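Student: Numbered per our numbering, the sequence shown spans residues 67 to 712.
Mind looking over this structure? Questions follow.
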Amino acid sequence: WKGTVADLPGRILNRASSLVTSGRGSSVDGEDKQPDLPKLPVPELEKTLQRYLEAVQPILQPHQFERAQELAKQLAENEGPELQHHLVERQMKLKNWAYEWWLNDMYMNNPLCLPINSNPGGVWPPQPFQNLDDQLRFASKLTSFLLDFKDVLDRNELPVETAASREPGQPLCMAQHYRLMTSYRVPCLPRDFRRDTSGCNPDHIVVAYRKHFFTCPIKTPERRLTTNEIFNQLKTIVQSETSNNENPIGMLTSQKRPVWADERIKLLGEDLNKQSMDEIETCSFIICLDDPLPSQYFNSLLNKKKRTTSGHWMNDRDETNMLHQMLHGGGSVFNTGNRWFDKTLQFVISSDGAIGLCYEHSSAEGIGVLNLIDEFLGKIQESSSSNNETEAGAEGDKGPEPIPQPIKLEWNISTEARNAIREACIEIDRYIEDLDLMVYRYEGYGKSFIKKCKVSPDVYLQLALQFAFYSLHGKMVATYESASTRRYKHGRVDCIRSTTMEALEWVKSMSTDSTEEDRQRKFHSAVEKQTTIMVENILGEGIDIHLMGLKQQALECGMGVPTLFQDETFKIANHFALSTSQLPTKHDQFMGYGAVVPDGYGASYNPQPGSIIFCLSAFCSCPETSTLKFSQSLQRCLDAMKQMLE
């Protein structure tokens with residue numbers, strides 16, 4: 067292996083300019099791949115401020131709400147009109163007036179570590195691996211599927227998706243799909259930036275095995291490797307390395323961003339490290355060949371001693387255990403060092419059959435990734451049902467020409483870097499120990515029943531989350547739900563704020579002696595309000611992007627930040643103690659992430675026809691939160707909602 071590392075520089079020299087010219091900042095690509103889409107609008111100032119006040123009223127005390135009203139009035143009468151004028155001018159000049167500001171505000175300025183805080187983890191149906199070859203066979207099929215997808219992207223032939231509701235048939239922006247295999251999040255000061263690797267024309271993927279990283283060629287000079295040849299590449303890797311890396315450099319990517327940025331600069335001082343780093347940064351994706359996590363550490367509280375829940379199981383590991391593996395790897399003793407968290411797509415294939423992914427969130431939203439995996443799972447299902455299996459994949463070897471061999475990436479690691487790796491191990495282990503994570507399947511009913519009630523499943527489940535939180539904690543809190551703005555050029559998301567006065571009145575009625583008629587009336591009023599907010603957001607009329615733009619515009623104009631954005635009421639409004647997202651899929655897969663504040667919950671949900679999958683997260687260090695108690699509250703509230711509507 068070490069002898070073949072010398073082959074790297076020649077290949078990297080062909081990409082050397084990418085180290086300098088690859089996109090710093092927030093360049094958005096795919097102009098020749100996009101439908102003719104309208105620009106993201108700038109909402110009217112008065113409407114945004116009124117909607118803001120409506121959103122914060124349920125979570126503020128009366129005297130705080132009076133303060134918020136006064137500050138909104140000041141902004142409307144003083145700095146607001148001038149800032150609004152500048153935003154309209156910016157909207158006319160740029161393809162998307164908010165994208166750069168939003169990307170920095172949401173991701174690139176965030177100094178927290180990527181695992182748990184930013185990178186979601188996804189779990190797929192486990193596979194019945196019997197041996198190492200089964201694991202590698204599955205990995206080679208997945209790799210071939212992903213390379214097929216990349217070929218479609220490279221040919222600019224990805225079909226344009228269209229809206230399914232609210233002006234159905236409207237084309238949606240596809241830019242983030244084209245970033246999935248051409249992006250790398252670079253740690254940097256004062257903020258991270260995205261490296262665009264689309265010009266590098268990578269001919270390799272990277273494989274992580276036993277905390278070592280290998281560059282794995284997937285092309286000859288004439289063609290792409292077959293599934294069988296990829297299988298042989300993976301077999302070569304696992305046969306070459308029998309021991310774990312004593313200095314798992316991937317651990318550094320789990321550190322806080324400023325710390326990792328500093329360590330990365332030091333590593334790049336060595337040419338060998340620069341070459342190895344470039345192999346990782348420019349690869350299309352990473353395949354992580356993992357070991358299983360032990361059940362006694364990572365199963366949910368309900369399954370520590372015996373199996374008490376349904377859902378995915380792999381031997382004695384439950385699906386909460388599997389989500390831990392995908393989200394952060396399990397810590398320094400297990401698989402965290404077998405990750406490179408800056409890379410957009412990392413596919414995790416455990417030797418026991420647990421499979422999924424970890425993905426860096428800044429380049430794309432989760433729904434595009436889930437749709438891609440749904441397609442792959444469908445193909446695997448079809449292959450299994452038709453018995454169309456071969457020993458090493460669907461394709462055999464193509465010809466006698468020599469195939470470039472995998473190369474183990476080597477590093478010059480100083481004593482200082484070794485100490486940094488040890489510190490990273492301590493930090494992530496401490497953080498994982500504090501993570502309260504639970505996959506909860508509600509099996510009383512699913513989206514089929516909800517649709518019979520003529521309610522959007524997303525609206526219904528947002529209200530269920532409000533009901534469950536209020537029942538458990540006796541109050542409402544700022545709630546974030548991502549709303550797609552892909553109807554607009556380079557649109558990503560805005561924030562649906564699900565705490566409304568209508569929802570508050572309804573959840574109160576469910577906790578008192580109100581009549582069923584009164585509860586139903588208030589429920590449908592809350593549904594109508596939630597639906598209105600959802601529609602406003604997907605049509606570019608949300609409040610959070612606009613408010614962020616007003617604040618950023620004030621900074622760029624040198625006007626100083628308006629008082630509204632400095633006040634305690636605004637901080638309360640943006641302390642998202644409920645961070646939620648609907649992530650629906652065709653197959654039985656799900657995705658989860660960490661809470662975004664120390665005293666809050668993360669709550670993704672996947673409505674299936676007869677059940678609902680929740681991925682709940684919180685932190686053990688907060689005495690007020692508990693995913694177990696929250697799941698129990700959800701159970702009671704979802705049962706009560708069905709009883710109310712039947």
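Glycine included, every Cβ here is placed at the ideal spot set by N, Cα and C.
Note that this is a predicted model, so its numbers are computed, not measured.
Quick one: grab the DSSP three-state call for Trp406.
Tutor: Note: Trp406 maps to coil in three-state DSSP.
Student: To the nearest angstrom, how far is it from the Cα of Asn401 to the Cα of Leu198?
Tutor: Cα-Cα distance, rounded: 17 angstroms.
Student: I'd like the span of the beta strand (DSSP E) that includes Leu246, first residue to last.
Tutor: From DSSP, Leu246 is part of no beta strand (DSSP E); its letter is neither H nor E.
Student: Could you tell me which uninterrupted beta strand (DSSP E) segments, each at least 3 residues in length, are contained entirely in the segment 250 to 311, listed from first to last along the chain?
Tutor: Fully enclosed beta strand (DSSP E) runs of 3 or longer: 259 to 262, 270 to 275 and 278 to 283.
Student: Tell me, please, which residues DSSP counts as bridged to Gln412.
Tutor: Partner(s): Ile352 and Cys424.
Student: Take Lys372 as the anchor and find which of Asp382, Phe131, Ile421 and Met707 has the nearest alpha-carbon.
Tutor: Nearest option by C-alpha distance: Asp382.
Student: From the DSSP output, read off the bridge partner residues of Phe656.
Tutor: Val189, per the DSSP bridge assignment.
Student: Leaving aside the five residues before and after Met504 along the sequence, list all residues of the same chain whose C-beta is less than 7 angstroms from its C-beta, in chain order.
Tutor: Ser366, Thr386, Leu682, Thr693, Leu694 and Ser697, listed in sequence order.
Student: Can you give, in chain order, each stretch of the beta strand (DSSP E) that sits fully within the segment 590 to 650 and has at least 3 residues?
Tutor: Here the runs fully enclosed are 644 to 648.
Student: Can you give the Cα-Cα distance for Arg276 and Glu307, rounded to whole angstroms?
Tutor: If you take the alpha carbons of Arg276 and Glu307, they lie about 8 angstroms apart.
Student: Return helix, strand or coil for Asp560, following the three-state DSSP convention.
Tutor: Three-state result, Asp560: strand.
Student: Decide if Asn672 is buried, meaning its Cβ has at least 16 other Cβ atoms within 10 Å, or exposed.
Tutor: Buried.
Student: My assumption, with CB atoms under 8 angstroms, is that Leu659 sits in contact with Ala643. Please give the rounded CB distance.
Tutor: Looking at the sequence provided, one finds Tyr at residue 659 rather than Leu. Not a contact, Cβ separation roughly 15 angstroms.
Student: Just checking my contact of Asp654 with Pro191 at CB under 8 angstroms: how many whole Å lie between their CB atoms?
Tutor: Confirmed, about 5 angstroms.
Student: To the nearest angstrom, how far is it from the Cα of Asn404 to the Cα of Ile415?
Tutor: One C-alpha to the other measures close to 11 angstroms.
Student: Would you check if there are 3 or more beta carbon pairs closer than 8 angstroms linking the segment 512 to 522 to the segment 419 to 434?
Tutor: Cβ pair count under 8 angstroms is below three, so no.
Student: For Gly377, which residues of its own chain have a beta-carbon under 6 angstroms away from its beta-carbon, when the five flanking residues on both sides are left out?
Tutor: Contacts found: Glu385 and Arg507.
Student: Just the C-alpha distance for Gly434 and Thr581, rounded to the nearest angstrom, thanks.
Tutor: Cα to Cα, the separation comes out at about 43 angstroms.
Student: Below 8 angstroms, can you find three or more Cβ-Cβ pairs linking the segment 553 to 571 to the segment 608 to 615?
Tutor: Counting Cβ pairs under 8 angstroms, three or more are found: they touch.
Student: Mind pulling the alpha helix (DSSP H) runs of 4 or more residues that sit fully within the segment 470 to 546?
Tutor: As far as the segment 470 to 546 is concerned, its whole alpha helix (DSSP H) runs of at least 4 residues are 481 to 499, 513 to 518 and 523 to 539.
Student: Going by beta carbon distance, what residues of the same chain come within less than 8 angstroms of Phe195, once the five residues before and after it are set aside?
Tutor: Excluding residues within five positions, the ones whose Cβ falls inside 8 angstroms are Gln201, Phe204, Ser417, Asp418 and Gly419.
Student: Take Met222 as the anchor and find which of Tyr244, Gln116 and Lys595 has the nearest alpha-carbon.
Tutor: A quick correction: the sequence has Asn, not Met, at residue 222. Among Tyr244, Gln116 and Lys595, the Cα nearest to that of Asn222 is on Tyr244.
Student: Going by the DSSP bridge assignment, what does Met380 pair with across the sheet?
Tutor: Per DSSP, Arg383.
Student: Grouping DSSP H, G and I as helix and E and B as strand, with all else coil, what is Gly668?
Tutor: Residue state, collapsed to three classes: strand.
Student: State the Cα-Cα distance for the pair Phe297 and Thr209, rounded to the nearest angstrom.
Tutor: Taking the straight line from one Cα to the other gives about 9 angstroms.
Student: Gln532 and Thr578: beta carbons closer than 8 angstroms?
Tutor: No; because the gap between Cβ atoms is not below 8 angstroms, this pair is not in contact.
Student: Just curious, the alpha helix (DSSP H) that Phe131 is in, first and last residue?
Tutor: Phe131 -> alpha helix (DSSP H) spans Pro128 to Glu143.
Student: Cys703 by DSSP, collapsed to three states: which one?
Tutor: Of the three classes helix, strand and coil, the one that applies to Cys703 here is helix, per DSSP.
Student: Please say whether Leu246 and Leu411 have beta carbons closer to each other than 8 angstroms?
Tutor: Going by C-beta atoms, Leu411 is nearer than 8 angstroms to Leu246.
Student: Classify Cys686: buried if its beta carbon has 16 or more other beta carbons within 10 angstroms, exposed otherwise.
Tutor: It counts as exposed.
Student: Going by C-alpha to C-alpha distance, which of Leu149, Lys322, Glu431 and Leu334 sits closest to Leu169?
Tutor: Ranking the options by Cα distance to Leu169, first place goes to Glu431.
Student: Within the chosen definition, does the segment 226 to 236 reach the segment 313 to 326 through at least 3 CB pairs nearer than 8 angstroms?
Tutor: Short answer: they don't touch.
Student: Go to Ala121, then tell me how far its alpha helix (DSSP H) extends in each direction, as first and last residue.
Tutor: Start and end: Leu111 to Val122.
Student: Give the list of continuous beta strand (DSSP E) stretches no shorter than 3 residues that lie fully inside the segment 168 to 212.
Tutor: Segments of the beta strand (DSSP E) lying fully in the segment 168 to 212: 187 to 189.
Student: Given this structure, state the Cα-to-Cα distance separating Glu291 from Ser184, to the nearest angstrom.
Tutor: The sequence given here places Leu at residue 291; Glu does not occur at that position. Answer to the nearest angstrom: the Cα atoms are 34 angstroms apart.
Student: Which of the three DSSP states, helix, strand or coil, is assigned to Pro360?
Tutor: Three-state DSSP puts Pro360 in coil, outside helix and strand.
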